[in-house]
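Residue numbers (my numbering), protein chains in the order written: chain A, 21 to 266; chain B, 21 to 266.
We treat Cβ as the ideally placed atom computed from N, Cα and C, and that holds for glycine.
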């Protein structure tokens, strides 16, 4: 189901939600630490296992209490730190209803995650994978691999589907206000952020293209199988821990 | 000369200055594209030669007019794109009074650079090099290699001086409001931004340390000579172009 949200925002607004973008060079993954500066409650989006010490150090230095760990989807290119963060902080792991079984809480379209006084809205944005979700808060959207800067995630594994992704991009994400900041799950060219208006007009894969054209492009990419997929997916289904042999 | 600025900012404020952070993976350099969204006039800080096509593409896609190219100092670890950007856009190159001779305009403490309706203030922050300057605009400071996230630039070449850097950090940059966003010239651990308050409290090299301790640390680092210094410095003195043989 595709849901469309209206998220009006006053012209003059003090933003209390702080956003800290973090980069993992090996997997080109962006992790986001968000906190409400009024209460110092925090959540992290798409943490990378190898960066868990860096991220916990930052949480401690900022005096934050980590409440939630969110994954935008079951990743195929890196192992999530969600399980380790849960163990080391007591934070709850949140994933899509179709995501990792190890999550403490499953969310879907329209669900809200409260962090301090801030409300993070869950948007269903499947297509890269069938469990892909995005998170909207305070004029920013965290799109995982659904929408990247001038691009989008591939659709050829983990029940990915180009038609579904087209609908997620055009009907869900592009329904957000043009000045919404887009924080991607990866970038490979040194871009860090974009906006919905910019991606509507300039995204290489989708701007000015029909659904049929987009599907043809995505189904014709012929990309190699991700190097880490056979390690990452099984581990991410158990929050990044070592899977137990059957 | 060390100058201290007071930059008061209203609690409720619509920011018209847009900031786009860009990363060069090879040199771990951050480049910044800033523009006034009311007029679409832009400037770029610390552009990297190898990224000039990416950066000009972004300028075009956003519909910006590039007015100025600023370097925070004569870099030793990458070649500036300032000369190429000047040739390809007509933008003016701005550097410190003690910086690259090729600049169209030399600036020092308290000078202002107007971009659209926005005013960028020049802060003198020498110590990493003797020509290091920082730029303040709209609640953000671009610190080059003077102040990094939890660190600072080395002080052992290009007339660097630890005592001078200590004064730049503590008397100039730390005089800015605590919530000023700090946008560094590099990061090697995946950090992207910090704040003055955070660095005052948490910077590894300077928080809680005396001037004498800081000098001792900096003078004892024993770092290897930068790999690119003999290429980068001569080229950066001529805005990144091939130096003419004497």
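Q) Taking just the CA atoms, how far does residue 192(A) sit from residue 160(A)? A) As a working mapping, residue 160(A) is identified with position 140 in the first chain. As a working mapping, residue 192(A) is identified with position 172 in the first chain. If I take the Cα positions, the gap works out to 14 Å.
Q | Neighbourhood of residue 37(A) by C-beta, 7 Å cutoff - its chain only, sequence neighbours within 5 removed | A | Counting from one through the first chain, the residue named residue 37(A) turns up at place 17. The beta carbon of residue 37(A) lies closer than 7 Å to those of 54, 56, 138, 157 and 158 in the same chain, with the five residues before and after it left out.
Q | residue 226(B) in three-state terms, based on DSSP | A | Here residue 226(B) refers to the residue found at position 206 when the second chain is read from its first residue. Secondary structure at residue 226(B): coil, using DSSP grouped into helix, strand and coil.
(Q) Is it buried or exposed, residue 236(B), if we count other Cβ atoms within 10 angstroms and call 16 or more buried? (A) Looking up residue 236(B) in the second chain gives position 216. Residue 236(B) should be labelled exposed.
Q: Could you list which residues in chain A have their beta carbon closer than 7 Å to that of residue 211(B), in chain order?
A: Position 191 of the second chain, counted from the start, is the residue given in the question as residue 211(B). Residues of chain A whose Cβ lies closer than 7 Å to the Cβ of residue 211(B) are, in chain order, 42.
Q: Tell me whether residue 137(A) counts as near the ligand GTP, meaning its Cβ is closer than 8 Å to at least one heavy atom of that ligand.
A: Absence of the ligand GTP from the depicted structure is noted, as is the absence of any ligand whatsoever, leaving it without description.
**Q.** Beta-carbon separation (whole angstroms), residue 164(B) vs residue 154(B), contact threshold 8 Å
**A.** By 1-based counting over the second chain, the position of residue 164(B) is 144. By 1-based counting over the second chain, the position of residue 154(B) is 134. Contact holds; Cβ gap of about 6 Å.
Q) So, does the CB of residue 78(A) fall closer than 9 Å to a CB anywhere in chain B? A) In the first chain, the residue the question calls residue 78(A) occupies position 58. At least one chain B Cβ lies under 9 Å of residue 78(A).
Q. With DSSP run on the structure shown, which of helix, strand or coil describes residue 261(A)?
A. For the purposes of this step, residue 261(A) is taken as residue 241 along the first chain, with counting starting at 1. In the structure shown, residue 261(A) sits in coil (DSSP, three-state: anything other than H, G, I, E or B).
Q: Taking residue 141(A) as the reference, give the member of 43(A), 92(A), 104(A) and 183(A) with the closest Cα.
A: Residue 141(A) sits at position 121 when you count from the first residue of the first chain. Of 43(A), 92(A), 104(A) and 183(A), the residue nearest in Cα terms is 92(A).
Q: Report all residues from its chain with a CB closer than 6 Å to the CB of residue 128(B); omit the five preceding and five following residues, and keep chain order.
A: If you number the second chain from 1, residue 128(B) lands on position 108. Answer for residue 128(B): 117, listed in chain order.
Q: Determine, using beta carbons only, whether residue 262(B) comes closer than 9 Å to chain A.
A: To locate residue 262(B), count along the second chain from 1; it is residue 242. Residue 262(B) is outside the set of residues whose beta carbon lies under 9 Å from a beta carbon in chain A.
Q: Enumerate in chain order the residues of its own chain whose CB-to-CB distance from residue 42(A) is below 6 Å, with the five nearest sequence positions on each side excluded.
A: If you number the first chain from 1, residue 42(A) lands on position 22. Result list for residue 42(A): 51, in chain order.
Q.
Counting only beta-carbon separations shorter than 9 Å, does residue 25(B) have a partner in chain A?
A. As a first step, residue 25(B) is located in the second chain; it is residue number 5 there, counting from the start. Annotation note: pLDDT 48 at residue 25(B) (below 50); position unreliable, no value reported.
Q. How many whole angstroms separate the CB atoms of residue 79(A) and residue 47(A), which I take to be in contact at a CB cut-off of 8 Å?
A. For the purposes of this step, residue 79(A) is taken as residue 59 along the first chain, with counting starting at 1. For the purposes of this step, residue 47(A) is taken as residue 27 along the first chain, with counting starting at 1. Actually they are not in contact, since the Cβ atoms of residue 79(A) and residue 47(A) sit about 21 Å apart, beyond 8 Å.
Q: Note down the Cα distance separating residue 196(A) from residue 126(B), rounded to an integer number of angstroms.
A: Within the first chain, the letter at position 176 stands for residue 196(A). Within the second chain, the letter at position 106 stands for residue 126(B). C-alpha separation (whole angstroms): 43 Å.
Q: Verify the CB distance criterion: does residue 233(B) have a CB-CB separation below 9 Å to chain A?
A: Here residue 233(B) is taken as the residue at index 213 of the second chain, counted from 1. At a cut-off of 9 Å between C-beta atoms, residue 233(B) does not count as an interface residue with respect to chain A.
Q. What residue from 87(A), 83(A), 123(A) and 81(A) has the CA that sits closest to residue 100(A)'s CA?
A. For the purposes of this step, residue 100(A) is taken as the residue at position 80 of the first chain. Residue nearest to residue 100(A) within the set 87(A), 83(A), 123(A) and 81(A) is 123(A) (criterion: CA-CA distance).
(Q) Less than 9 Å between the beta carbons of residue 222(A) and residue 210(B), yes or no? (A) Numbered from 1 along the first chain, position 202 holds the residue referred to as residue 222(A). Numbered from 1 along the second chain, position 190 holds the residue referred to as residue 210(B). For the 9 Å CB-CB criterion, residue 222(A) and residue 210(B) do not form a contact.
Q: May I ask you to report which of helix, strand or coil DSSP gives residue 254(B)?
A: Position 234 of the second chain, counting from 1, holds the residue named residue 254(B). Residue 254(B): helix per DSSP, three-state reduction.
Q. Should the region 104–116 of chain A be called in touch with the region 236–249 of chain B, which here means at least 3 C-beta pairs below 8 Å?
A. Three or more beta-carbon pairs separated by less than 8 Å are not found between the region 104–116 of chain A and the region 236–249 of chain B, which leaves the two stretches without contact.
Q) Within 9 Å (strictly less), CB to CB, does residue 222(B) reach chain A? A) As a first step, residue 222(B) is located in the second chain; it is residue number 202 there, counting from the start. Chain A, which has a Cβ nearer than 9 Å to the Cβ of residue 222(B), makes this yes.
Q. Which of helix, strand or coil does DSSP assign to residue 28(B)?
A. Residue numbering aside, residue 28(B) sits at position 8 when the second chain is read from its first letter. Low confidence applies to residue 28(B): its pLDDT is 47, below 50, so where it sits in the model is not reliable enough to give any reading.
Q) Nearest-angstrom Cα distance between residue 66(A) and residue 258(B)? A) As a working note, residue 66(A) is residue 46 in the first chain. As a working note, residue 258(B) is residue 238 in the second chain. Cα-Cα distance, rounded: 43 Å.
Q. Hey, is residue 267(A)'s beta-carbon within less than 9 Å of any beta-carbon in chain B?
A. The structure shown does not extend to residue 267(A), since chain A is modelled only from 21 to 266, so the question has no answer here.
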